[in-house]
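Residue numbers (the working numbering): 1347 to 1680.
Backbone N, C-alpha and C define an ideal beta-carbon position, used for all residues, glycine too.
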Amino acid sequence: MNKILLNIAAGIFSLLVCFFLTEASMRIYYHLKPNYEYEMWRYAAELKRPLPDKKLPFAHVPSKSGHYYGVTITTNHLGFRDQEISADNLEESKRILVLGDSFTLGWGVPFKDLFTTKLEDLLNQDRARSRYKVINTGTGNYNSIMEVELFKKYGLSLNPDIVILMYFANDMEPTPEVPVYGYGLLSHLYLPGFMMERSENLRRRMDRSNQDELMTYYRSIYSPDSVAMEMNSGAIKELMHLCAQQGIKLLIVNIPEMRRLSSYPFGFITKHIQNLADEADIPFLDLMPLFIPYAERGQQSLWVSPTDPHMNSAANLLTADALYKKLKTERIVQ
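This is how it looks when you write it as structure tokens:
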């Protein structure tokens, strides 16, 4: 009996040693060679917290900072990647609240280069004192439903004068389910991130046999009779209603799928969000025409890295300029 227990204990000890050695190896490996999938996982594990809300299952941890994909991301007390906000510094400012996902967050982009930061600079460049405050609420992996819930939970209390909804193709995706219990453990382990990265790489290799996989996926969730379409449209219409009810000006902006800028095949996605805006007489801006000239030079010139198609600093600057001109043209700002 004692021998059996000893063997079991030895087996458990061996497994623990293997686990800790593997964990240590992963920490060294990713410190020396960071990559997109793992860094995005680490951002989610360290800078997000689960919430007991099916429509808003997670949000940023307030007042926390981390270094991801070569860039420092720092949140304020509301969990936004922005400067600290108080009643004093908002009192005499026109408030522009920007909703969006990781493109709005500015994944892989320094804070000073974010389109929200640049837009605020443009709006205040000819003024003796700051009159406009652009508030960035972008959160990685958010969809339209979650963005609207965040607006209801935090955004409305800031009394914005203007709301900008930054829409991207995958904002149609369903809201993920996030386990509340055990989530904190992930922030202390590297091995789950490694396993996720390996599975993602395997999926990509398998998908190379089907070059239309991305198109097939988007067609399925953008089907007129899909549940995703109904929920996405409902969330955006709710945002429109809330803004109209509160006297808030709204601008809807379409961010194109940056992986397929040449011979752009996702016009049906643009049509979806533009139709919603047109039906409600909401100003709409499509960034696709802005990026077309750069597609000819190589669309990766607008990417954060050759393996990460998030908008880089140059694309953020172009976006800020386009937003500034649109806000002026539509007389949303004076």
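Per DSSP, the continuous alpha helix (DSSP H) segment holding T1450 begins and ends at 1448-1451. Counting along the chain, K1498 sits inside no alpha helix (DSSP H), nor does DSSP assign it H or E at all. Apart from the 5 residues on each side of it in sequence, T1462 sits with its Cβ closer than 6 Å to the Cβ of V1444, V1480, N1482 in its chain, given in chain order.
Between I1508 and I1442, the gap from beta carbon to beta carbon is short of 8 Å. Counting other Cβ atoms within 10 Å of its Cβ, N1662 reaches 16 or more and is therefore classed as buried. A distance below 7 Å between beta-carbons, with the five flanking residues on each side excluded, links D1654 to the following residues of its chain, in chain order: Y1382, G1454. With contacts defined as CB atoms closer than 8 Å, G1484 and R1395 fail to qualify as a contacting pair. Looking at the DSSP output, L1631 shares a beta bridge with V1599. In this structure, DSSP gives R1395 an extended state, which the three-state scheme calls strand.
Burial state of N1621 is exposed, judged by a 10 Å Cβ sphere holding fewer than 16 other Cβ atoms. When rounded, the separation of the alpha-carbon atoms in H1423 and K1499 is 14 Å. In the same chain as K1595, and ignoring 5 residues on each side of it, the C-beta atoms closer than 6 Å to its own belong to I1508, I1678, in chain order. Listed in chain order, the non-local C-beta contacts of E1385 below 7 Å within the same chain comprise Y1414, Y1415, local neighbours out to five positions each way being set aside. Per DSSP, L1585 lies in no beta strand (DSSP E); the unbroken alpha helix (DSSP H) holding it starts and ends at 1573-1592. Relative to the Cα of L1607, the nearest Cα in the group Q1429, L1633, Q1591, I1598 belongs to L1633.
Closest by C-alpha distance to S1448, out of K1440, D1558, A1405, is A1405. A straight-line Cα-Cα distance of about 19 Å links H1618 and T1521. Residues G1484, M1512 of the same chain have their beta carbon placed closer than 6 Å to that of G1446, with the five preceding and five following residues left out of the count. Shown here, K1464 sits in a helix according to DSSP, grouped into three states. A direct Cα-to-Cα measurement between V1407 and V1599 gives close to 27 Å. Spatial neighbours of M1577 in its own chain (CB-CB distance under 7 Å, excluding positions within 5 residues in sequence) are listed in chain order as I1491. Beyond the five residues adjoining it in sequence on each side, A1668 comes within less than 8 Å, by CB distance, of L1631, L1633, L1636 in the same chain, given in chain order.
The three-state secondary structure of N1621, taken from DSSP, is helix. Between the alpha carbons of Q1592 and P1611 lies a gap of roughly 37 Å. DSSP places T1675 in the helix class (H, G or I) of the three-state scheme. Residue burial is scored here from C-beta neighbours: G1580 has fewer than 16 other C-beta atoms within 10 angstroms and is therefore classed as exposed.
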